[in-house]
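So the structure is just underneath, and the comments pick up after that.
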Amino acid sequence: MLQRCLHNKAFAIGASLLLLIVICAVFAPWLAPYDPYAQNLELRSVPPFWTEQGGWAHPLGTDQLGRDYLSRLMYGARISLLIGVSVALISGLIGTTMGLLAGYFGGKIDLLVTFLVTTRLSLPVILVALATVALVGGSLTVVILVLGLLKWDRFAVVMRSATQQVRALDYITAAQAAGASTPRILLGEVLPNVMPHLIVVATLEAASAILLEAALSFLGLGVQPPLPSWGLMISEAKADMFFAFWLIALPGGALATLIFAINLAGDGLHDLLGAEGRVG
Amino acid sequence: MSAFIAKRLGLAFLVAVAVSLIAFFLLRISGDPALAIAGEGASQADLDLIRRTYGFDRPLPIQYLDWLWRTVRGDFGDSIYFKTAAGPLIFSKLQTTLVLGFAALLCALLISIPLGVLAAIYKDSWIDRLCLGLAVVGQALPNFFFALLLIMVFSITLGWLPVSGSETWQHFVMPTLALGYYAAPAFMRLIRAGMIEVLEADYIRTARAYGLPAWRVILRHALRNAIIPVVALTAVQLGFLLGGSVVIETIFALDGLGYLAYQSITYKDFPVMQLIVLLLSVIYVVLTLAADIANAWLDPRIRVAAV
Amino acid sequence: MAQLTDEIVLDVANLSVDIATPRGPLHAVRDLSLQVRRGETLCIVGESGCGKSMTALGLMGLLPKAATRRVERLAFLGEDLGHASPQRINALRGNRMAMIFQEPMTALNPAYTIGSQMTEPYRHHRGVTAAAARARAIELLAKVGIASAAQRLGQYPHQLSGGLRQRVMIAMALMCEPALLVADEPSTALDVTIQAQILRLLRELQQELGIAMILITHDLGVVARVADRVAVMYAGEMVEEASTASLFRHQRHPYTRGLLSCIPLPGRSKSAALGTIPGAVPSLVGDLTGCSFRARCGLASEACAGVIPVHDDGIEHRWRCTIHPDSIISAQARIQTAAELPPLSQ
Numbered sequence: 001m002l003q004r005c006l007h008n009k010a011f012a013i014g015a016s017l018l019l020l021i022v023i024c025a026v027f028a029p030w031l032a033p034y035d036p037y038a039q040n041l042e043l044r045s046v047p048p049f050w051t052e053q054g055g056w057a058h059p060l061g062t063d064q065l066g067r068d069y070l071s072r073l074m075y076g077a078r079i080s081l082l083i084g085v086s087v088a089l090i091s092g093l094i095g096t097t098m099g100l101l102a103g104y105f106g107g108k109i110d111l112l113v114t115f116l117v118t119t120r121l122s123l124p125v126i127l128v129a130l131a132t133v134a135l136v137g138g139s140l141t142v143v144i145l146v147l148g149l150l151k152w153d154r155f156a157v158v159m160r161s162a163t164q165q166v167r168a169l170d171y172i173t174a175a176q177a178a179g180a181s182t183p184r185i186l187l188g189e190v191l192p193n194v195m196p197h198l199i200v201v202a203t204l205e206a207a208s209a210i211l212l213e214a215a216l217s218f219l220g221l222g223v224q225p226p227l228p229s230w231g232l233m234i235s236e237a238k239a240d241m242f243f244a245f246w247l248i249a250l251p252g253g254a255l256a257t258l259i260f261a262i263n264l265a266g267d268g269l270h271d272l273l274g275a276e277g278r279v280g
Numbered sequence: 281m282s283a284f285i286a287k288r289l290g291l292a293f294l295v296a297v298a299v300s301l302i303a304f305f306l307l308r309i310s311g312d313p314a315l316a317i318a319g320e321g322a323s324q325a326d327l328d329l330i331r332r333t334y335g336f337d338r339p340l341p342i343q344y345l346d347w348l349w350r351t352v353r354g355d356f357g358d359s360i361y362f363k364t365a366a367g368p369l370i371f372s373k374l375q376t377t378l379v380l381g382f383a384a385l386l387c388a389l390l391i392s393i394p395l396g397v398l399a400a401i402y403k404d405s406w407i408d409r410l411c412l413g414l415a416v417v418g419q420a421l422p423n424f425f426f427a428l429l430l431i432m433v434f435s436i437t438l439g440w441l442p443v444s445g446s447e448t449w450q451h452f453v454m455p456t457l458a459l460g461y462y463a464a465p466a467f468m469r470l471i472r473a474g475m476i477e478v479l480e481a482d483y484i485r486t487a488r489a490y491g492l493p494a495w496r497v498i499l500r501h502a503l504r505n506a507i508i509p510v511v512a513l514t515a516v517q518l519g520f521l522l523g524g525s526v527v528i529e530t531i532f533a534l535d536g537l538g539y540l541a542y543q544s545i546t547y548k549d550f551p552v553m554q555l556i557v558l559l560l561s562v563i564y565v566v567l568t569l570a571a572d573i574a575n576a577w578l579d580p581r582i583r584v585a586a587v
Numbered sequence: 588m589a590q591l592t593d594e595i596v597l598d599v600a601n602l603s604v605d606i607a608t609p610r611g612p613l614h615a616v617r618d619l620s621l622q623v624r625r626g627e628t629l630c631i632v633g634e635s636g637c638g639k640s641m642t643a644l645g646l647m648g649l650l651p652k653a654a655t656r657r658v659e660r661l662a663f664l665g666e667d668l669g670h671a672s673p674q675r676i677n678a679l680r681g682n683r684m685a686m687i688f689q690e691p692m693t694a695l696n697p698a699y700t701i702g703s704q705m706t707e708p709y710r711h712h713r714g715v716t717a718a719a720a721r722a723r724a725i726e727l728l729a730k731v732g733i734a735s736a737a738q739r740l741g742q743y744p745h746q747l748s749g750g751l752r753q754r755v756m757i758a759m760a761l762m763c764e765p766a767l768l769v770a771d772e773p774s775t776a777l778d779v780t781i782q783a784q785i786l787r788l789l790r791e792l793q794q795e796l797g798i799a800m801i802l803i804t805h806d807l808g809v810v811a812r813v814a815d816r817v818a819v820m821y822a823g824e825m826v827e828e829a830s831t832a833s834l835f836r837h838q839r840h841p842y843t844r845g846l847l848s849c850i851p852l853p854g855r856s857k858s859a860a861l862g863t864i865p866g867a868v869p870s871l872v873g874d875l876t877g878c879s880f881r882a883r884c885g886l887a888s889e890a891c892a893g894v895i896p897v898h899d900d901g902i903e904h905r906w907r908c909t910i911h912p913d914s915i916i917s918a919q920a921r922i923q924t925a926a927e928l929p930p931l932s933q
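Residue numbers (this note's numbering), protein chains in the order written: chain A, 1 to 280; chain B, 281 to 587; chain C, 588 to 933.
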């Protein structure tokens with residue numbers, strides 16, 4: 001099984017990259033050389049080590065307030081990953097429940113869920129998120145909640161069609177004939193078999209949530225300073241773009257790398273799980 | 281076909297109503313319009329006066345119906361911040377955003393169609409892997425970051441294009457690229473998948489058997505069938521582009537609906553916020569409806585019922 | 588009776604088709620040779636997987652990407668096509684050599700009208716005006732027996748039945764007045780009642796227009812109906828070739844005899860069991876030597892593992908076997924002749 005995973009190049013590369021980032025994030029308090037919030041106004045905007053003025057004291061330079069960029073990037077990874085995981089969890093819970101119910105029961109419940117999904121798809125997500133955050137006040141928690149409550153549509157759609165396929169299979173009928181209760185069937189028989197689809201959608205949605213949070217923070221309506229959200233870091237560095245290009249290049253590159261890793265791993269998972277998708 | 285359209289129309293209407301509910305209630309629950317009008321540090325007496333004047337003290341459902349009724353009749357209220365009628369303000373900016381949206385869509389299609397077709401024809405070759413690789417990279421790059429990179433290269437370093445404003449067509453080049461590139465990978469994958477499937481079909485073999493030149497077989501026979509789902513996606517993506525333009529317009533200070541939305545959100549301008557969300561949603565519903573109908577129309581098997 | 592001339596339309600010598608598989612090259616067609624004359628129908632008959640479709644595709648240059656073709660000589664109306672440029676072959680395909688396929692339901696593009704699909708190759712090859720092409724299409728649709736032809740031109744494939752679609756395919760093939768028509772199981776996918784109509788139509792058109800036709804089938808009944816000459820294929824090789832009458836009178840190759848004994852025929856004594864050919868088709872991958880039929884042949888000997896000679900009895904009856912003709916003709920080997928099969932409508 002692990003052999004298969006490693007043979008799939010997309011998954012192997014993506015997952016390894018992702019693992020690297022996760023390790024940096026989880027162990028940031030021990031790995032980061034400095035406190036990401038510690039300002040040093042004498043060492044403002046020091047370039048990274050590969051330039052003339054740069055050095056190894058601050059390998060990736062410092063920002064406009066003298067904070068070490070490497071440390072901020074590592075702590076930024078925590079924020080991005082936290083956003084990705086929690087939004088995927090919340091929206092996944094909502095969307096999967098809706099999808100399972102719609103796919104299993106069909107009829108009016110299906111109509112209702114389809115209607116809700118269509119309505120949700122008609123909303124301009126960024127605008128609604130922006131507006132809500134602006135009115136309630138920006139913070140990490142608010143961003144997570146708002147995105148989690150908005151991004152369930154894909155889960156609902158995919159889980160619905162996956163459940164419909166599974167529903168028609170024999171062992172569901174067998175379980176019903178044996179008198180198993182509906183929640184038991186849903187959780188015990190249906191869910192394990194739609195799990196592959198769930199995982200693939202979860203990875204895609206996590207990536208999408210990370211990008212959305214970055215955009216919100218970039219516009220000033222997401223995570224608030226002094227938190228080292230990568231989107232926020234890019235926004236703060238916008239004005240000095242010409243003189244201190246690394247200040248936007250590094251967080252931007254980090255974002256791109258993280259999303260790239262997640263998408264690659266997700267694509268790989270999709271291929272891997274597609275082959276052995278149906279279990280039992 | 282007309283029964284199909286009627287059903288879709290009915291559904292679209294219901295969705296529009298649901299969206300109006302959300303546009304209204306979500307914003308009202310999140311924030312206080314009286315506070316927005318009065319500003320920070322207003323006294324309780326001021327707030328009460330404002331509430332009575334604007335009718336904010338009535339039950340929310342009543343306020344909603346009142347707002348809906350007035351909106352449907354064309355009375356869009358006034359912008360709190362800009363102190364002018366909200367309707368004309370919004371519609372004057374709509375044109376810019378529509379131009380941007382269509383240009384970005386065209387940009388995305390111009391990139392994705394050739395790449396998708398090539399990837400399908402040379403499936404599993406290095407060309408295919410390159411195209412798929414480009415797709416993954418494209419989707420990984422945040423659009424605001426890409427926008428800044430474009431500015432860095434084309435405005436600051438090369439000085440070819442202006443950074444902000446919306447006066448000339450040059451002002452639209454970078455925003456179009458920054459908005460459009462993100463939509464390209466989705467189209468490319470869809471076209472690639474569709475073409476791969478279609479190229480296996482018997483009627484392609486028939487076309488080859490009749491000595492038709494390769495370009496004709498691919499474009500006229502294969503692509504014509506593979507493009508059907510793409511048309512539906514086009515309408516959907518246009519909706520996303522219009523909504524997602526807020527970030528791009530703000531970066532480039534493009535005077536469109538997205539920028540106005542950003543401003544109205546920052547200044548807590550409720551009437552404008554509500555109206556923009558409603559407008560974009562309705563546009564989206566209409567686009568989805570058009571996509572459904574186009575989808576059905578393009579396939580003669582649905583358009584012309586079997587005898 | 589067909590007016591046979593001596594003009595050879597298609598002359599094939601040693602055609603081989605290999606398909607690349609993970610386990611090695613699969614020899615779908617091996618050293619196949621045949622000739623077809625103007626006004627003549629040659630049937631290639633064999634069971635599924637014997638390589639007959641690959642032969643047809645190989646002749647037309649329509650093989651899938653994984654397949655490679657080798658041919659010593661492929662002469663069409665005297666012109667060498669075996670080593671001609673793709674452009675030249677493209678210019679001839681759909682023009683002077685046409686092919687119709689087994690599945691009429693999927694062979695037409697669902698997005699375009701019948702008229703559009705019929706006129707497109709004609710206009711491409713001949714450069715005529717739209718009106719002229721349309722007129723010719725109507726003429727041919729009428730010829731294949733489709734009523735209200737002008738109306739049909741504006742219809743889409745899904746609006747026609749299977750039988751009608753196959754008639755359209757035939758009309759389409761005739762647009763550019765081909766000298767050669769290759770038909771790959773044209774009636775197999777149709778209802779039984781329609782099958783006879785289509786076959787009769789093909790035969791009539793072929794004789795009227797003097798076209799050389801190669802018709803591929805697995806059904807000996809079809810062979811009896813339409814063929815002037817028959818080529819029997821087994822495991823990628825041609826094992827016997829003769830005129831129809833000659834083949835049904837006496838079969839030289841054990842496989843052919845086996846095939847004929849499998850057919851239930853009226854008048855056979857009830858106690859005689861229906862014949863079967865035991866065993867299965869051998870694998871076509873890797874190096875192949877000797878006769879591929881020897882594992883299932885009741886008359887096999889050690890000589891069958893070596894090079895198999897091709898016999899020719901001088902009156903256009905050839906077969907590939909080690910057994911000398913005089914030793915096998917016996918009362919049991921004879922079966923009813925073509926005279927006792929359902930009559931051909933001439």
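Quick reminder that beta carbons are idealized off the backbone N, C-alpha and C, glycines included.
Is N575(B) close to chain C? Criterion is C-beta to C-beta, closer than 8 Å.
no
Quick one: list the residues of chain A neighbouring V527(B), beta-carbon separation under 8 Å, in chain order.
I126, A215, F218 and L219
Given 8 Å as the limit, is there contact between the region 67-86 of chain A and the region 162-169 of chain A, that is, 3 or more CB pairs closer than that?
no
Go through the region 783-844 of chain C residue by residue and report every complete run of the beta strand (DSSP E) that reaches 3 residues or more, in order.
799-804, 816-821 and 824-830
Using a Cβ-Cβ cutoff of 8 Å, what residues of the region 134-146 of chain A are near chain B? List them in chain order.
A134, L135 and V136
Would you tell me roughly how many angstroms separate the C-alpha atoms of A156(A) and R120(A), rounded to the nearest one?
11 Å
Closer than 8 Å to chain C by CB, G474(B)
no
For a contact meaning CB atoms closer than 7 Å, what does P339(B) contact in chain A?
Chain A residues near P339(B): none, gap ~20 Å exceeds 7 Å.
Residue-level contact to chain C via CB, V584(B), 8 Å cutoff:
yes
Bridge partners for G611(C) per DSSP, in chain order?
T608(C)
Close Cβ partners of A244(A) (< 6 Å) along its chain, the five nearest in sequence each way excluded
S45
Interface partners of M432(B) on chain A, CB under 8 Å:
M241, F242 and F245
Going by Cα to Cα distance, which pick from S703(C), M759(C) and D806(C) is closest to L740(C)?
S703(C)
Test item: CB-CB of I83(A) and V142(A) under 8 Å
no
Give the DSSP-derived three-state secondary structure of L668(C) in the structure shown.
coil
Identify every residue that forms a DSSP beta bridge with R624(C).
I595(C)
Hey, would you say V813(C) sits closer than 8 Å to R790(C), going by beta carbons?
yes
Would you check whether the ligand FMN has a heavy atom nearer than 7 Å to the C-beta of I606(C)?
Absence of the ligand FMN is noted for the structure shown, with no ligands found whatsoever.
DSSP three-state label for T700(C), please.
coil
Quick check: A458(B) and Q517(B), are their CB atoms within less than 8 Å of each other?
no
Going by DSSP, which residues form a beta bridge with T655(C)?
D605(C)
Contact between the region 859-879 of chain C and the region 821-836 of chain C (3+ Cβ pairs under 8 Å)
yes
Looking at the secondary structure, which residues open and close the alpha helix (DSSP H) in which D346(B) lies?
L340 to V352
Is it a yes or a no for the region 476-490 of chain B touching the region 522-539 of chain B, going by three-plus beta-carbon pairs under 8 Å?
no
Among C908(C), G626(C) and H904(C), whose alpha-carbon lies nearest the alpha-carbon of E889(C)?
C908(C)
Which one of I234(A), F115(A) and I259(A) has the shortest CA to CA distance from V22(A)?
I259(A)
Excluding the 5 residues flanking I556(B) on each side, which residues of the same chain have their C-beta closer than 8 Å to its C-beta?
I370, L537, L540, A541 and S544
Indicate the three-state DSSP secondary structure (helix, strand or coil) for L211(A) in the structure shown.
helix
Per DSSP, what kind of secondary structure is M241(A) in: helix, strand or coil?
coil
Exposure label - M588(C); buried when at least 16 CB within 10 Å
Reliability fails at M588(C), whose pLDDT of 41 lies under 50, so the model's placement of it is uncertain and no value is given.
Buried versus exposed call for A57(A) [16 or more other C-beta atoms within 10 Å across all chains shown]:
exposed
C-alpha distance - E690(C) paired with I757(C), whole-angstrom precision:
12 Å
According to DSSP, what are the bridge partners of H270(A)?
According to DSSP, which records beta bridges pairwise, H270(A) is partnered with nothing at all.
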